[in-house]
Structures are given as structure tokens and as C-alpha cells.
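Right, one structure below, let's go through it.
2 protein chains.
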Amino acid sequence: MSETHAPARGAATLHDVAREAGVSLATASRVLNGSTRKVAESYRERVDAAAEKLGYTANLSAQATARGTSAIVALLVADIGDVSFGRLASGVVRGAEEAGFIVTIADTGRDPERELRLVRTLRGQRPRGLILGVARKAGSDSAALQNELTALAAMGCHVVVLGEGEPGQRSISLGNRGGAEALGAELAELGYRQAVVIGGPEGLRASDDRIGGFTAGFTDGGGTTAAVRHGATTRDAGYAVARELLADGLAEGTLIFGVSDLVAAGIASALRDAGRQVGVDIAVAGFDDIPTCRDIGPGLTTVRAPFDDLGYRALRAAVESDWQHDAEVPLALEVVVRGSTPRRDG
Amino acid sequence: MSETHAPARGAATLHDVAREAGVSLATASRVLNGSTRKVAESYRERVDAAAEKLGYTANLSAQATARGTSAIVALLVADIGDVSFGRLASGVVRGAEEAGFIVTIADTGRDPERELRLVRTLRGQRPRGLILGVARKAGSDSAALQNELTALAAMGCHVVVLGEGEPGQRSISLGNRGGAEALGAELAELGYRQAVVIGGPEGLRASDDRIGGFTAGFTDGGGTTAAVRHGATTRDAGYAVARELLADGLAEGTLIFGVSDLVAAGIASALRDAGRQVGVDIAVAGFDDIPTCRDIGPGLTTVRAPFDDLGYRALRAAVESDWQHDAEVPLALEVVVRGSTPRRDG
DNA sequence: TTGTACGCGTTATCAC
DNA sequence: GTGATAACGCGTACAA
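Protein sequence lines, in the order shown, are assigned to chains A and E.
According to the UniProt record's numbering, the first sequence holds residues 1 to 346 in order.
According to the UniProt record's numbering, the second sequence holds residues 1 to 346 in order.
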């Protein structure tokens with residue numbers, strides 16, 4: 001038997017494997033990790049056996065320092081507890097596994113200050129890519145953040161921002177505007193003529209795009225958007241604003257569009273609590289197609305937003321060495337009509 | 001002025017900073033990264049200035065190799081797209097930021113084979129902790145996985161499993177059983193006497209615990225659990241099984257408990273589609289308290305499960321050097337009664 | 001094809 | 001207090 005050289009503590013190192021197999025460090029490295037160089041079959045077997053026996057797994061940190069580049073993609077999101085971001089992360093992680101990358105995740109809690117701090121921290125990982133899934137407000141990108149991002153880019157990190165990016169930046173967008181436009185058009189076609197929109201805070205890109213798209217589609221179809229209210233993008237905000245709307249008086253047959261399903265869910269509850277019937281009395285539509293859409297009221301009409309696909313693509317964009325925006329085909333958003341917006345006669 | 005030694009490409013290194021500040025590597029290291037050693041104020045200032053000027057950020061990989069230990073916690077979940085796991089991740093990430101750790105995430109897709117592969121991969125990171133948020137089936141832990149875990153533990157990685165762990169393992173559980181028991185008791189108190197349970201696949205710990213807890217609490221309160229049906233833990237499964245139940249005939253005043261809110265949401269829709277009225281005709285209760293609970297039917301009675309707290313605690317358990325199970329106080333699960341289970345007279 | 005030796009960026013142990 | 005210098009675990013010219 002071979003001598004006792006079991007790694008007293010800690011994991012087996014490449015050195016251990018080489019010794020156990022009776023080969024040089026270099027040879028062991030070549031067989032265990034991808035190298036173009038060839039190594040004799042007999043050696044290969046011995047090394048593999050030794051690695052297996054010792055339970056060797058390459059130390060990724062050491063590999064990263066040696067190679068000068070890591071197999072890490074950092075994901076920064078506004079709120080990982082949010083369903084949509086969860087699905088986004090799901091797509092990112094799926095892509096990462098395929099591509100052999102590791103995903104690190106951080107959460108800004110929608111706080112720009114924290115975002116900046118986190119991006120700084122992330123730089124330490126020397127990630128190959130950074131996916132910025134943060135709710136962006138128009139023109140709110142601080143210079144400091146931009147500096148960080150260009151610094152990141154300078155060290156070879158592919159920064160991909162979700163939504164519209166600056167020119168020259170890798171970016172990929174969900175298609176909020178187009179999806180909402182299709183929704184507006186469809187609802188106009190269904191016979192709705194009066195709509196009210198409950199959106200997120202003014203300036204929030206995703207919200208603004210959805211509002212703009214919906215209004216365009218609905219107007220083109222012959223409808224009129226009577227009002228746009230701004231609030232938080234939450235269920236409670238939807239509920240609260242809807243109650244205000246009801247207090248102000250809301251004509252029967254009016255359609256309320258909430259910029260997200262969560263908002264729409266709040267709206268539906270507000271209507272119900274006020275004794276109005278969703279769908280027959282007042283119509284409601286949302287955006288996202290969260291899992292419980294079918295179970296809200298008579299079923300919530302919405303737009304299916306493929307956040308997982310978005311995440312998957314973002315990862316590809318973060319990982320590929322060359323990437324061109326133009327090659328991207330738009331994601332497929334699908335209008336899903338349910339009971340909350342039945343066809344209107346008339 | 002100092003010479004031109006701008007790092008041609010890539011990030012500034014500690015070496016660069018030291019040279020720019022005109023001090024030694026060691027000194028630069030001491031001021032920039034935590035060291036107990038003191039360094040003169042004048043030097044400290046110069047180093048800080050140089051670091052700032054060069055935009056220095058420590059290379060974490062290099063730090064990890066040098067220190068022999070990383071500041072990484074790996075999170076392995078069954079499905080990050082699931083709301084509950086999203087909230088879990090949220091808590092983990094929050095704790096990690098506090099503790100100065102980085103979180104890497106991977107997704108098993110509920111596939112044991114993939115789980116094993118991923119744990120192997122994760123070993124490469126030499127993480128300080130590993131959080132296993134995977135849906136566990138009783139007795140399904142393969143020997144191979146156990147081996148991996150002990151290997152991990154041997155290299156100093158704190159493995160913390162969510163749910164009931166093996167003795168000697170760090171584990172922390174949500175309290176499914178207790179929560180469900182409280183729910184059962186509360187519903188019995190509200191006057192319900194007949195219940196049917198729609199659970200997940202047989203053997204799934206979380207599901208079994210909830211079923212067992214509910215039955216115990218309900219029975220103790222004077223109720224009877226007429227039947228337990230097993231299926232997937234999904235909305236569609238809830239819907240399908242509920243339809244079967246209806247086809248078989250369901251007495252008015254019966255209560256249906258779905259082991260998760262998603263299942264319960266499906267149940268509620270099945271009832272509605274069959275012309276039954278949730279709450280007045282048949283009662284429904286769930287578990288988790290997902291965001292749209294209030295907007296499903298007349299509001300879904302459920303148990304608020306603090307997944308984010310669970311995640312936060314899991315991170316603490318993964319990070320702390322010594323940790324004892326006994327010190328953990330149970331998480332606070334709260335029964336939330338809503339319209340889907342009004343008080344029954346009689 | 002195989003092995004030697006140096007470098008990656010950082011920490012830590014020593015002398016000074 | 002400060003600065004050389006040897007690790008850390010691994011990749012990879014380069015030489016053999």
C-alpha cells in the first residue's frame with residue numbers, strides 16, 4: 001500500500017492526487033481539468049483513480065487566481081422574494097448550470113445606495129458577468145454606479161442590464177411595451193371603451209412602458225384611457241387606489257388595468273369588498289401571469305411574461321464572449337384572456 | 001508625479017496600490033483588509049488614497065486561496081422559481097449581507113440526481129456553509145449524498161439542512177407540524193367537523209408533517225378527517241383532486257385543507273367552476289400565506305409561514321462557528337383566518 | 001508526452 | 001510599526 005498521506009484536514013489537493021498517482025502536478029492538472037494537451041492513457045487512469053479515491057475536487061478559488069478569470073456570474077435583483085424575480089433567477093440558474101457557471105446572488109431591496117455598495121462588493125469576485133435585474137428609474141443611474149459598471153467592464157466583466165441599456169451595453173428587455181400594447185388592443189377588440197390605469201411610481205421604466213404600451217394599444221383599438229394613477233407596485237397600493245377610484249365613482253363597464261398582477265389582485269379585492277362584481281360590473285386586467293391568476297376572482301386577464309426565459313437569455317448574454325443585441329429575437333409575451341374581462345356586447 | 005503604472009488591463013492589484021502609496025505589500029494589505037496589526041496614520045492615509053485613486057478592490061479568490069477559507073455560503077433549493085423558496089432566499093441573502101458573506105445559488109429542480117451533482121460542484125467553492133433547502137422525502141437520502149455531505153463537513157463546511165436533520169447535523173425547521181396543528185384546532189373551534197385533506201406526494205416530509213399536524217389539531221378539537229388524498233403539490237393537482245372529490249360527492253359544510261396555498265387556490269377554483277361557493281358552501285384552507293391569499297375567493301384562510309426568517313436563521317446557522325440546535329426558539333407561525341372559513345353555526 | 005519552475009493576488013510569519 | 005518572503009492551490013510556458 002502507499003504511505004499514509006491522507007490530507008490530515010481539509011480537502012485533498014491536486015498535489016495529493018499527483019503524489020498518490022505518482023505523477024507530476026502538471027500531469028495531474030492536465031487530466032483533471034480541461035487541457036488541450038494529451039496524456040497517456042495509463043497515466044490518465046492512475047490520476048483518475050487517485051482523484052476518485054481521495055475525493056478530489058478542484059479548488060475553484062485557486063483555479064480562478066491561477067487562470068485570472070472565474071466562472072462566476074453575479075445576479076443582482078431588486079427583490080428576490082418577488083415571484084417575477086424568482087422566475088428570473090430560475091432562468092439564470094438554469095442557463096448557468098448548462099454553461100458550467102456558478103451564480104452568486106444579491107438583493108438591493110430597491111435601494112440605489114445598497115445597489116452601489118453591492119456592485120462594489122461583487123467586483124471582488126471578478127465575475128465573468130453581472131446581470132443587473134434592478135428596477136430602474138429613468139435617469140436615476142448615479143454617476144458612481146456608471147463608474148462602477150465601466151470599471152467592471154474594463155476588467156472584462158460582461159455587464160448585462162435588464163431593460164433598455166445604454167448604447168454599447170449588453171441589454172435585454174422583456175418587452176413590456178409590446179406586451180401591454182397587445183393587451184390593450186385585445187381588450188379594445190373585446191369591446192371595452194373606457195379604461196383606467198393603476199401604475200407604479202412615476203418614472204419607473206417597467207411601469208411606464210406598460211402604461212404607455214397599454215394606452216397605445218387601447219387607443220388604437222378605439223378605446224380611451226380616462227386616467228392614470230401612480231402608486232407603489234404592490235397589492236396594497238392596487239387595493240387602495242382602486243378604493244379611491246370607486247369613491248370617486250366608476251362607471252359600469254369600465255376596465256381597470258393594473259401594471260402587475262399583484263396590483264390587479266388588489267384591485268379585484270377592492271372591487272369585491274365594495275360589492276362590485278369583477279368581470280360583470282367592472283373589468284380588471286393585469287400583467288405577468290403569476291401562478292394564482294386563474295384563482296383570482298373569475299380568473300385574471302393578463303399578459304404572460306416569460307421571466308425565466310429573460311433570465312436564461314441574460315445569462316447567455318453574460319457568458320458569451322461576443323454578443324450582439326441585434327441577434328436577439330423578442331421574447332414571446334402572450335395575452336391571456338380570462339373571466340375578469342369577458343366580451344362586452346354593444 | 002508618480003510614473004505611469006496604470007494597470008494596463010484588468011483590475012488594480014494590491015501590488016499596484018502598494019507601489020502607488022510607496023509602501024510594502026504587507027502594509028497595504030494590513031490597512032486595506034482587516035488586520036489586528038496597527039499601522040501609522042500617515043501610511044494608512046496614503047494607502048487609502050492610493051486604493052481610492054486606483055479603484056482597488058480585493059480579489060476575493062486570491063484572498064480565499066491565501067486565507068484557506070472563503071466567505072461563501074452556498075444555497076441549494078428545490079425550485080427558486082417557487083414563491084416560498086424565493087422568500088427563503090430573500091432571508092438568506094439578507095443575513096449574508098449582514099454577515100459579509102456571498103451567496104451562491106443552485107437549483108435542483110427536485111431531481112435527486114441533479115442534487116448530488118450540484119453538491120459536488122459546490123464543493124469546489126470550498127464554501128463556509130451549505131444550506132440545503134431541498135424538498136426531502138423520508139428515507140430517500142442516497143448514501144452518495146450523505147458521503148458528499150460528510151466530506152463537506154470534513155473540510156470545515158457547515159452543512160445546514162432545512163427540516164429535520166440527522167443527529168449531529170445543523171438543521172432548522174419551519175414548524176410545519178405545529179403550524180398545521182394550530183390551524184386544525186382553530187378550524188375545529190370555528191365549528192367545522194368534517195375535513196378532507198389534499199396533500200403532496202406520499203413521503204414528502206413537509207407535506208406529511210402538515211397533514212399530520214392538521215389532523216391532530218382538528219381531531220383534538222372534535223373534528224374528523226374523512227380522507228387524505230395525495231398528489232403533486234401544485235395548483236393544478238389541487239384543482240384536479242378537488243374535482244374528483246366533488247364528483248364523488250361532498251357534503252355541504254365540509255372543509256378542504258390543501259397542504260399549500262397553491263393547492264388550495266386550485267381547490268377554490270375547482271369549487272367555483274363547479275358552481276359551489278367557497279366559504280358558504282364548502283370551506284377551504286391552505287398553508288404558507290402567499291401574497292395573493294387575500295385575493296383568492298373570499299380570502300383564503302391559511303398559516304403564515306415565515307420562510308424569510310427561516311432563510312435568515314439558516315444563514316446564521318451556516319456561518320456561526322458554533323451553533324447549537326437547542327438555542328433555537330421555534331419560528332412564529334400564525335393562523336390567518338379569512339373568508340374561506342367563516343364561523344359555522346351549530 | 002512528461003516534468004520543472006514560475007506566476008496569479010493575497011495572507012501571514014518572520015526578522016528588522 | 002514595517003518590510004521581505006514563504007506559503008496558498010492551481011495553470012502553464014518552457015525545457016527535457
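Cβ atoms here follow ideal geometry from the backbone N, Cα and C, with glycine treated the same way.
Everything numeric in this text was worked out from a predicted model, so none of it was measured.
Contact under 8 Å by Cβ, E:A71 with E:R128: Taking the second sequence and counting its residues from 1, one reaches residue 71 of chain E at position 71. Taking the second sequence and counting its residues from 1, one reaches residue 128 of chain E at position 128. In contact: E:A71 and E:R128 (Cβ atoms closer than 8 Å).
Anything in the UniProt domain "HTH lacI-type" (12 to 67) of chain A with a Cβ closer than 7 Å to a Cβ of chain E? List those residues in chain order, please. For the UniProt domain "HTH lacI-type" (12 to 67) of chain A, the beta-carbon criterion of a distance under 7 Å to any beta-carbon of chain E is satisfied by G55, T57, A58, N59, L60, S61, A62, A64 and T65.
Roughly how many angstroms lie between the CA atoms of A:T27 and E:P112, to the nearest whole one? Within the first sequence, the letter at position 27 stands for residue 27 of chain A. Within the second sequence, the letter at position 112 stands for residue 112 of chain E. The alpha-carbon atoms of A:T27 and E:P112 are separated by roughly 33 Å.
Say whether chain E places a C-beta atom closer than 8 Å to the C-beta of A:G258. Along the first sequence, one-based indexing puts residue 258 of chain A at 258. No, because no Cβ of chain E sits closer than 8 Å to the Cβ of A:G258.
Proximal residues of chain A, C-beta to C-beta of E:I198 below 7 Å: What you label residue 198 of chain E is simply residue 198 of the second sequence in a count that begins at 1. By Cβ distance, chain A contributes nothing, its closest Cβ being about 14 Å from E:I198, past 7 Å.
If you draw a straight line from the C-alpha of E:R313 to the C-alpha of E:I172, how long is it? Locating residue 313 of chain E in the second sequence gives position 313, where the first residue counts as 1. Locating residue 172 of chain E in the second sequence gives position 172, where the first residue counts as 1. Rounded to the nearest angstrom, the two C-alpha atoms are 8 Å apart.
E:D248 versus E:G279 - alpha carbon distance: Numbered from its first residue, the second sequence carries residue 248 of chain E at position 248. Numbered from its first residue, the second sequence carries residue 279 of chain E at position 279. Per the coordinates, the alpha-carbon of E:D248 lies some 20 Å from the alpha-carbon of E:G279.
Report yes or no: do the stretch 181 to 200 of chain A and the stretch 211 to 226 of chain A share at least 3 C-beta pairs separated by less than 8 Å? yes
Own chain residues within Cβ distance below 8 Å of A:Y43, not counting five before or after: Within the first sequence, residue 43 of chain A is the residue found at index 43, counting from 1. Taken in chain order, the residues that qualify are A21, V23, T27 and V31.
Closer than 9 Å, Cβ to any Cβ of chain E: which residues of the stretch 153 to 182 of chain A, in chain order? A154, M155 and G156
Just the C-alpha distance for A:R177 and E:Q277, rounded to the nearest angstrom, thanks. What you label residue 177 of chain A is simply residue 177 of the first sequence in a count that begins at 1. What you label residue 277 of chain E is simply residue 277 of the second sequence in a count that begins at 1. Cα-Cα distance, rounded: 38 Å.
Ignoring anything shorter than 4 residues or poking outside the stretch 210 to 275 of chain A, list the alpha helix (DSSP H) runs there in chain order. 235 to 248 and 261 to 273
Between which two residues does the alpha helix (DSSP H) holding A:H15 run? For the purposes of this step, residue 15 of chain A is taken as residue 15 along the first sequence, with counting starting at 1. That run of the alpha helix (DSSP H) goes L14 to A21.
Mapping DSSP to helix, strand and coil, what is A:E3? Locating residue 3 of chain A in the first sequence gives position 3, counting from the first residue. For A:E3, the pLDDT reaches just 37, beneath the cut-off of 50, and the residue's location in the model is therefore unreliable, leaving the point undetermined.
Give me the chain A residues within the contact set of E:G10, using Cβ-Cβ distance strictly less than 9 Å, ordered along the chain. Start at 1 with the first residue of the second sequence, and residue 10 of chain E comes out as number 10. Simply G68, R126, A154, M155 and G156.
Alpha carbon to alpha carbon, how far is A:V134 from A:S2? Give it in angstroms, no decimals. Start at 1 with the first residue of the first sequence, and residue 2 of chain A comes out as number 2. Start at 1 with the first residue of the first sequence, and residue 134 of chain A comes out as number 134. Residue confidence is low: A:S2 scores 37 on pLDDT, short of 50, so the model does not pin down where it sits. Its coordinate-derived value is still stated next. Each residue's Cα considered, the two are about 55 Å apart.
Does DSSP put E:R128 in a helix, a strand or coil? By one-based count along the second sequence, residue 128 of chain E stands at place 128. Shown here, E:R128 sits in coil according to DSSP, grouped into three states, outside any helix or strand.
Would you please verify whether the beta carbon of A:P330 is less than 8 Å from any beta carbon of chain E? Indexing the first sequence from 1 puts residue 330 of chain A at position 330. For A:P330, the nearest beta carbon of chain E is not closer than 8 Å to its own beta carbon.
If we define contact as Cβ-Cβ less than 8 Å, is A:R87 a contact residue for chain E? The count along the first sequence starts at 1 and reaches residue 87 of chain A at position 87. Chain E contact via Cβ: present.
Within 8 Å (strictly less), CB to CB, does E:I282 reach chain A? The sequence position of residue 282 of chain E within the second sequence is 282, counting from 1. Not an interface residue.
With the cut-off set at 8 Å, would you say E:G156 and E:G184 are in Cβ contact? If you number the second sequence from 1, residue 156 of chain E lands on position 156. If you number the second sequence from 1, residue 184 of chain E lands on position 184. The answer is no: Cβ separation not under 8 Å.
Does DSSP classify A:R110 as helix, strand or coil? Counting from 1 along the first sequence, the entry for residue 110 of chain A is found at position 110. If DSSP states are grouped into helix, strand and coil, A:R110 belongs with coil.
At the level of alpha carbons, what is the spacing between E:E320 and E:A153? Stepping through the second sequence from its first residue, residue 320 of chain E is reached at position 320. Stepping through the second sequence from its first residue, residue 153 of chain E is reached at position 153. One C-alpha to the other measures close to 14 Å.
Quick one: is A:A50 buried, meaning 16 or more other Cβ sit within 10 Å of its Cβ, or exposed? For this step, residue 50 of chain A is matched to residue 50 along the first sequence. It is buried - the Cβ of A:A50 has at least 16 other Cβ atoms within 10 Å.
Under 7 Å (Cβ pairs) to chain E, residues found in the stretch 308 to 334 of chain A: D308
Are there 16 or more other CB atoms within 10 angstroms of the CB of E:V17, so buried, or fewer, so exposed? Here the question's residue 17 of chain E lines up with position 17 in the second sequence. Result: buried.
A:D220 to A:S260 span [Cα, whole Å]: Within the first sequence, the letter at position 220 stands for residue 220 of chain A. Within the first sequence, the letter at position 260 stands for residue 260 of chain A. The alpha-carbon atoms of A:D220 and A:S260 are separated by roughly 22 Å.
So for E:S171, helix, strand or coil by DSSP? Taking the first residue of the second sequence as 1, we reach residue 171 of chain E at position 171. In the structure shown, E:S171 sits in a strand (DSSP, three-state: E or B).
Specify the secondary structure class of E:Q194 as computed by DSSP and reduced to three states. Position 194 of the second sequence holds residue 194 of chain E. Strand at E:Q194.
On the criterion of 16 or more Cβ atoms from any shown chain inside 10 Å, does E:G231 qualify as buried, or is it exposed? Taking the second sequence and counting its residues from 1, the one referred to as residue 231 of chain E is at position 231. If you draw a 10 Å sphere on the C-beta of E:G231, you find 16 or more other C-beta atoms in it, and that means buried.
Could you name the residues that DSSP lists as bridge partners for A:V119? On the first sequence, residue 119 of chain A is found 119 positions in, with the first residue counted as 1. Paired residue(s): none; A:V119 is not in a bridge.
Anyone know if the C-beta pair for A:L76 and A:V47 falls short of 8 Å? The count along the first sequence starts at 1 and reaches residue 76 of chain A at position 76. The count along the first sequence starts at 1 and reaches residue 47 of chain A at position 47. Cβ atoms of A:L76 and A:V47: not closer than 8 Å.
Let me check one thing: in DSSP terms, what residues is E:S204 bridge-paired to? As a first step, residue 204 of chain E must be located in the second sequence, where it is residue number 204. Correcting the residue identity first, residue 204 of chain E is Leu in this sequence and not Ser. According to DSSP, which records beta bridges pairwise, E:L204 is partnered with E:K137.
Buried versus exposed call for A:G10 [16 or more other C-beta atoms within 10 Å across all chains shown]: For this step, residue 10 of chain A is matched to residue 10 along the first sequence. Exposed, by the Cβ-count rule.
Under 8 Å from the C-beta of A:V103: neighbouring residues of chain E: On the first sequence, residue 103 of chain A is found 103 positions in, with the first residue counted as 1. Chain E residues near A:V103: T104, I105 and A106.
Given that A:L262 touches chain E, what residues does it touch there, using C-beta distances under 7 Å? In the first sequence, counting from the first residue as 1, residue 262 of chain A sits at position 262. Here the neighbours are P291.
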